[in-house]
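Start counting the sequence shown at 35; every next residue gets the next number (this note's numbering).
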Amino acid sequence: MEQKKSGLPAILGLIALIFVLFAGIKLVFWGLGVVIGQDTGSASASQSQIDLDPSSQSQEQAAPAFCPYCGQGLFEGFRWGQFCPYCGEQLTLGEAAE
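So this is what it looks like as structure tokens:
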């Protein structure tokens, strides 16, 4: 009968392995936090530039209530440039003046 001894060196080796894996995962998430933190600042700056565009604000204010092609009522959040869910035509702001 042969018995394998799982002594103190094996247990310490497994604990060291767990510690190294834990430290590696923490390092990866720290690196992701640094990278995402930099992108978040540039994304918020580009978002503020989009919000300051006056043409997009006028398109949001003059959103249609009915499709000019088929006459069906459009949902509350509908905006210019979207396609009518009933007839499939794209509604552009220039067509509203016609």
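For each residue, glycine too, the CB sits at the ideal point set by N, CA and C. Remember, predicted model here, so these are calculated numbers, not experimental data.
At the level of alpha carbons, what is the spacing between Ile59 and Ile45?
Take the alpha-carbon of Ile59 and the one of Ile45: they are about 21 Å apart.
State the Cα-Cα distance for the pair Gly67 and Trp114, rounded to the nearest angstrom.
Those two C-alpha atoms are separated by around 37 Å.
With DSSP as the reference, label Ser92 as helix, strand or coil.
Confidence at Ser92 is low in this model, with a pLDDT of 47, below 50, so its placement is unreliable and no value can be given for it.
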